[in-house]
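Chemist:
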Amino acid sequence: MKKLKSSQVARHNDRKSCWIALYGKVYDITDFLDEHPGGPQILLKTAGQDATAEYESVHSPELLEETLPSSAFRGLLDPDTMSKTESTSQPRPQQKQRRSPPLRSMISVNDFEAVAKQSLSPAGWAYYSSGADDERSRYEAARSFRKLTLRPRVLRNVDHVDTRTTILGHNTSLPVYVSPSGLARFAHPDAECALAAGAGKEGLIQVIPTSPSMSIEAIMRARTSQSQPVFFQLYFNRDYQKTEAMIRRVEKLGVSAIWLTVDSPVLGKRERDDRLKAQISDEDEYVTLEEQKPGVAKAAASGLLNPTLTWGDIAWIRQVTQLPLVLKGIQSVEDAILAYDNGVEGIVLSNHGGRSQDTAQAPMVTLLEIRRYAPHLLSGPMEVFLDGEIRRGTDILKALALGVRAVGLGRPFLFSLTGGYGEAGFTRMVQILREELQGNMALSGATRITEIVPEMVNTQRLDKEVIALSNSRREEAARPKSRDAIPIHHLLNAPDGDDLAPRFPVRDTPPGGEGDEDDVTVNDAEDSSEASHWSEDYESHDVFTGASLADLDVVNFDSFFGGFESLTFGSYPPNADLQHITSGTGIVSAAALTLEPRAYEIRQLLMGAATKFAIEYPDSPQLAHLETNIGLLTHVEIDHCLNLFFNNYYRHCPIIHRPSFQPTIAPIPLVLGCVALGAMYSEPTKVAWMKGLLDLIESYVFSLPEVRDEFFGTLGVLEAPDEDAVEYHFQLFQGAYLVVIVQYFSGNLAGRRRARRQRFPSMLSLGRYFGLPSAQHSNVVAIPDDIAFQRWVRIEARIRTMNVILALDSAMGIFNNVPPRVNYCEVDLQLPCHPEYFELSGYAEMLQQGSFPRPRMKLIEAFQKLFVHPSELKAAYQNENLGVSLDVALIEFQVLYTHCWQHLFGNPLNRISATSLAAEPHVVYEPMKIALANWKTLWDDIRAKLTRANVSEMGFETSADSYWTLVKMIVLRFEHKKSASSTSSSINGAPTNSSGGFAHREGVASDDGMSESSMNGRVARGVSPPLDFMPLEADCDSQGAHLRKILQR
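Numbering-wise, the sequence shown is residues 1 to 1049 according to full-length UniProt numbering.
#1: According to the neighbour-count rule (16 or more other Cβ atoms, all chains shown, within 10 Å of its Cβ), is residue 1050 buried or exposed?
#2: Can you check which of these residues, Ala797, Gln357, Ala374, Leu325, is closest to Asn342 by C-alpha distance?
#3: Does DSSP classify Cys900 as helix, strand or coil?
#4: Using the Cβ count rule (16 or more neighbours within 10 Å means buried), how would you classify Ala944?
#5: In angstroms with no decimal places, state the Cα-to-Cα distance between Cys1036 and Phe815.
#6: Put Tyr681 into one of helix, strand or coil per three-state DSSP.
#7: For Gly408, name the three-state secondary structure that DSSP assigns.
#8: Quick test of the definition: if touching needs 3 or more C-beta pairs under 8 Å, does the segment 429-448 touch the segment 388-397?
#9: Look at Glu796 and Cys833 and say whether their C-beta atoms are less than 7 Å apart.
#10: Hey, how far is the Cα of Gly735 from the Cα of Tyr728?
#11: Using the DSSP secondary-structure output, state which residues sit across from Glu383 in a beta bridge.
#12: For Glu706 and Met763, what's the separation of their Cα atoms in angstroms?
#13: For Asn823, which of Gly608, Leu772, Ser778, Trp792 has the nearest alpha-carbon?
#14: Leaving out five residues before and five after Ala666 in sequence, what residues of the same chain have Cβ atoms less than 7 Å from its Cβ?
#15: Mind checking if Ala399 is an interface residue toward chain D, Cβ cutoff 7 Å exclusive?
#16: Where does Tyr340 land, buried or exposed, given buried means 16+ other C-beta within 10 angstroms?
#17: Tell me which same chain residues have a C-beta within less than 6 Å of the C-beta of Arg223, skipping the five on either side of it?
#18: Name the DSSP bridge partner or partners of Cys18?
#19: Rounding to the nearest angstrom, what Cα-Cα distance links Met1030 and Leu409 in this structure?
#20: Look at the alpha carbon of Tyr744 and the alpha carbon of Cys641, and state the distance between them as a whole number of angstroms.
#21: State the beta-bridge partners of Asp50 as determined by DSSP.
#22: Just how far apart, CA to CA, sit Leu694 and Leu672?
#23: Which one of Gln226, Leu120, Met680 has the shortest CA to CA distance from Arg411?
#24: Check Trp311 in the structure and name its three-state DSSP category.
#25: Could you give the DSSP three-state label for Tyr27: helix, strand or coil?
#26: Smallest Cα separation from Gly329: which of Gln357, Met106, Val320, Asp313?
#27: My guess is that residue 1072 and Ile370 are in contact by the Cβ rule of under 8 Å, so how many angstroms apart are they, rounded?
#28: For Ile258, report the span of its beta strand (DSSP E) as first-last.
#29: DSSP three-state call for Tyr649: helix, strand or coil?
#30: Which residues bound the alpha helix (DSSP H) around Arg1044?
#31: Along the chain, where does the alpha helix (DSSP H) that runs through Thr321 open and close?
#32: Sorted by chain position, which residues of the same chain lie with C-beta nearer than 6 Å to Thr366's C-beta, five sequence neighbours on each side aside?
#33: Give me, in chain order, the residues of the same chain whose beta-carbon lies closer than 7 Å to that of Leu623; leave out the 5 immediate sequence neighbours on both sides.
#34: Does Tyr177 come out as helix, strand or coil in the three-state DSSP assignment?
#35: Helix or strand or just coil, what does DSSP make of Lys252?
#36: In angstroms with no decimal places, state the Cα-to-Cα distance between Ser179 and Gln206.
This is the structure:
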């Protein structure tokens, strides 16, 4: 093999021809200069020399074969020709060797930092520890955790604390992951491989950096098993082909997600790192800036950064890979919303460890920003992570309580490798974090991650640092395309006795005084907006018809509900600061000006109603503020709240034809209903203001004769030939119904009870006078002119109103166990038309767009088709375009749940044992299971066709499959109980009617704590084994209490 003299190598020392010696071999790296992730400068300074020492300080030898082609090899370096003066690979000055403390003496994460400072080289310490400029961002990130204080709960059983959770669907033993950090070889020769092995053994997830010290293949081999999940941090190269090649490479290696760094388009100024290089540089002090050596950070990052990266590149990445995508480096609520709208699976609230832009706000402040202006992001499908200066279990606890899924640690885990500790140091640090988190969870009263709730943290001191967005900006940020559906997991994961009024609308927990007893705390959590990940994780798209069912004796129902963000409770003080109510920026819109006379009329009517209200309720705490609150109902506020209504809640309740809605002439109850609902989407002070008016608005609306039964029953109003008069009364009815909705979701305890027990049944009775249960278009829709179009719109509004009434009837059953008030023998209702038709302004636009509506399938027909054999499902719906998931969601909410309720909760035979008097279980349950399986098939097919933009415009239907999972679980629970009962009866000689779906194991205790022999004895003596969760409270105030009891939560 050819040997080269050092003088031969030394001649190739510039860009035109650059050779270096590594481990006794000479390589021509000329073509590689511009490809080097650290940039060409760091290579050129060793051109023509032995660069082994420089290389080895940051890379492992195996990277050579991966990085340089075989054609770059030029021969072996003749060592006899190398003089000490010629070599640049002299050993670096040795640090004073100090014996590292034993690991058992490492008590906190900070202890490892002290060891790192002593054992790292000056360059390594400067690189690891430095921040940008004056390093204020690092300081502020740490300080932000100190400004948050904990609010422990006591007298709770915390004997066992479980810190497990999931990250992007992957299990982790701690809500902590290993953040990507470069140049890990400074800390230990095993570098990222030690982190990979340690993470696997401790059950953590590692994010591999773009340019690790070891090869990515070596890191993947260091895992404890092939199934150990790892993520990959991606710096987006200017060359798209190189970025794609990197993604393809890590995909092939088996990484589970891409973490795209977005906070470093250019490198921040890291003075400590640069100063060290200036001090130890052997360059002439008069060299130009272009010739001066870069610091370690600049050298390491100069080839990685891409200042041309934009939001448009997110779509490009989506075309390249199907891996989950997380954006690392989100620093504002606006960008968090953009990330959500771009459909990423996660974001990391991070300022790059304070290493990019100095004085950038702390990630915790960004989190509070999101909680204030866009809290829906914390409970939706996009997972939120946070990193930066996390050093304690209390830091982790605070972040989790405020809504993040998990936190990342970078520097600390690197420090854990120093001092020769390696993997053992990493393991010790994880143990410390685990012990601290477990201990502080117990002290706070939480035994699971899902029990860590925002009420455990006092954020008041740090809240002051959250930016105050302008009104227009606040509306944009608060709910750009959000959904407000009510998630089932809210109902199932709260402790008994909690009042779970659904989150409605965007809320934060504002400071304020305590409310009246009736002002029961209202929840603050928003639905996931996507098909529920908990049902998908558990089911894996496996519909259960024909499948063997699980033995529920050994199923822990808690497994259905793990891994969710906890409830966010919020209460609004009735005496909120009313000085900040006024909307707008001083410029009144033309639409608002036209409302001035109407606003005056509304205020006068409410003042009159307030007088009556004071007589009827002299002790009401609202009386002191009624006059002030009414006075704030100006034309500007009415216009503002109407806009909020149509931009937010309208998607859940599209019963008003928006193009023809004119608030200046519409019935006042309809205007007030829209205004009240719209105000619920405003800032907290306005929410509190409107809540102070809800009882008065309700009192006024339901005092009108037009919403009384006798008005329609005795006066024959609906038989009047004047269609416009009938339509006016119907719009008044719609307004009263909207008032019921806002009271049910956002009123005080008494108001919610009235909504359920009095107002809703009254509205349903009035709806029958309008013929709503059988509202439908004619079989042939002919719209030849504007009059016909107007008539079609009015019929469609009735169809939609009844469908929404049915949905609310089912919702009250789900949330409060209210028996169905709609009798389906009277329902002959069509499904609503597709939205594009109801959005048409008139006949002319219909012709222009060529958009002609046609009759829809009837709701009952659609429901009946769910019971066909799965092989016939497609044919059953082939003539009906279920292209809008609202259709399928309505079938689920309105009919399927009610059907199951009537056959399970409402069937008295389900209260007795399995005897000849009761139907065979499979006769009761199998049709339900077929219907549920068919519904899920339809839902999955429809959702697969929808883009995220489509989903973002949907309403309550976005959470429909969460309700599907709930119904399925209830069916399984009843079937399990009946099957167990049947088995018990057959053992004692009684006839068994079980279909054999469950095998009851001998000697296993029953769910109520009785042994099988005890159960048999009871049956032998003629006592029927009961359903142990019966009886159930009906029309209960504690929402979801009956569900938790059935499912043994």
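Built from N, CA and C at the ideal position, the CB exists for glycine as well.
Modeler: This is what the structure holds:
#1: The question about residue 1050 has no answer here: the residues shown for the chain are numbered 1 through 1049.
#2: Translated into the one-based positions of the sequence shown, residue 342 becomes position 342. Among Ala797, Gln357, Ala374, Leu325, the Cα nearest to that of Asn342 is on Leu325.
#3: For the purposes of this step, residue 900 is taken as the residue at position 900 of the sequence shown. Of the three classes helix, strand and coil, the one that applies to Cys900 here is helix, per DSSP.
#4: Locating residue 944 in the sequence shown gives position 944, counting from the first residue. Exposed, by the Cβ-count rule.
#5: Within the sequence shown, numbered from 1, the residue matching residue 1036 stands at position 1036. Within the sequence shown, numbered from 1, the residue matching residue 815 stands at position 815. One C-alpha to the other measures close to 9 Å.
#6: By 1-based counting over the sequence shown, the position of residue 681 is 681. Coil.
#7: As a working mapping, residue 408 is identified with position 408 in the sequence shown. If DSSP states are grouped into helix, strand and coil, Gly408 belongs with the strands.
#8: yes
#9: On the sequence shown, residue 796 is found 796 positions in, with the first residue counted as 1. On the sequence shown, residue 833 is found 833 positions in, with the first residue counted as 1. Result yes, Cβ atoms of Glu796 and Cys833 sit closer than 7 Å.
#10: Translated into the one-based positions of the sequence shown, residue 735 becomes position 735. Translated into the one-based positions of the sequence shown, residue 728 becomes position 728. Gly735 and Tyr728: Cα-Cα distance of roughly 11 Å.
#11: Counting from one through the sequence shown, the residue named residue 383 turns up at place 383. Answer by DSSP bridge pairing, in chain order: Gly346.
#12: The sequence position of residue 706 within the sequence shown is 706, counting from 1. The sequence position of residue 763 within the sequence shown is 763, counting from 1. Going by the C-alpha atoms only, they are around 11 Å apart.
#13: As a working mapping, residue 823 is identified with position 823 in the sequence shown. Asn823 has its Cα closest to that of Leu772, out of Gly608, Leu772, Ser778, Trp792.
#14: Here residue 666 refers to the residue found at position 666 of the sequence shown. Here the set comprises Gln731.
#15: Chain labels in this structure do not include chain D; a single protein chain is all it has.
#16: Within the sequence shown, residue 340 is the residue found at index 340, counting from 1. So Tyr340 ends up on the buried side.
#17: As a position in the sequence shown, residue 223 is number 223, starting the count at 1. Contacts found: Ala196, Gly200.
#18: Locating residue 18 in the sequence shown gives position 18, where the first residue counts as 1. Paired residues: Asn13.
#19: As a position in the sequence shown, residue 1030 is number 1030, starting the count at 1. As a position in the sequence shown, residue 409 is number 409, starting the count at 1. When rounded, the distance between both Cα atoms is 48 Å.
#20: Residue 744 sits at position 744 when you count from the first residue of the sequence shown. Residue 641 sits at position 641 when you count from the first residue of the sequence shown. Distance from the CA atom of Tyr744 to the CA atom of Cys641, rounded to whole angstroms, is 19 Å.
#21: Residue mapping note: residue 50 aligns to position 50 of the sequence shown, counting from 1. DSSP lists Ala21 as partners of Asp50.
#22: Locating residue 694 in the sequence shown gives position 694, where the first residue counts as 1. Locating residue 672 in the sequence shown gives position 672, where the first residue counts as 1. CA-to-CA, the gap between Leu694 and Leu672 works out to about 10 Å.
#23: Sequence index remark: in the sequence shown, residue 411 carries index 411 (1-based). Closest by alpha carbon: Leu120.
#24: On the sequence shown, position 311 is the one that residue 311 refers to. Reduced to three states, the DSSP call for Trp311 is coil.
#25: Within the sequence shown, residue 27 is the residue found at index 27, counting from 1. It is a strand residue.
#26: Locating residue 329 in the sequence shown gives position 329, counting from the first residue. Residue Gln357 is the option with its Cα nearest to Gly329.
#27: Lying outside 1 to 1049, the shown extent of the chain, residue 1072 is not represented and no answer is given.
#28: Translated into the one-based positions of the sequence shown, residue 258 becomes position 258. Where Ile258 is concerned, the enclosing beta strand (DSSP E) stretches over 258-261.
#29: Your numbering for residue 649 matches position 649 in the sequence shown. Tyr649: helix per DSSP, three-state reduction.
#30: Indexing the sequence shown from 1 puts residue 1044 at position 1044. Taken as a continuous stretch (DSSP letters only), the alpha helix (DSSP H) holding Arg1044 covers 1041-1046.
#31: For this step, residue 321 is matched to residue 321 along the sequence shown. Segment: none, Thr321 is in no alpha helix (DSSP H) and carries neither H nor E.
#32: In the sequence shown, residue 366 corresponds to position 366, counting from 1. Once the five neighbours on either side are set aside, the close Cβ partners of Thr366 are Gln331, Leu349.
#33: Here the question's residue 623 lines up with position 623 in the sequence shown. Closer than 7 Å at the Cβ level, and outside the excluded window around Leu623, lie Ala614.
#34: As a working note, residue 177 is residue 177 in the sequence shown. Correct three-state label for Tyr177: strand.
#35: Residue numbering aside, residue 252 sits at position 252 when the sequence shown is read from its first letter. Helix.
#36: Reading the sequence shown from its first residue, position 179 is the one you call residue 179. Reading the sequence shown from its first residue, position 206 is the one you call residue 206. Cα to Cα, Ser179 sits roughly 7 Å from Gln206.
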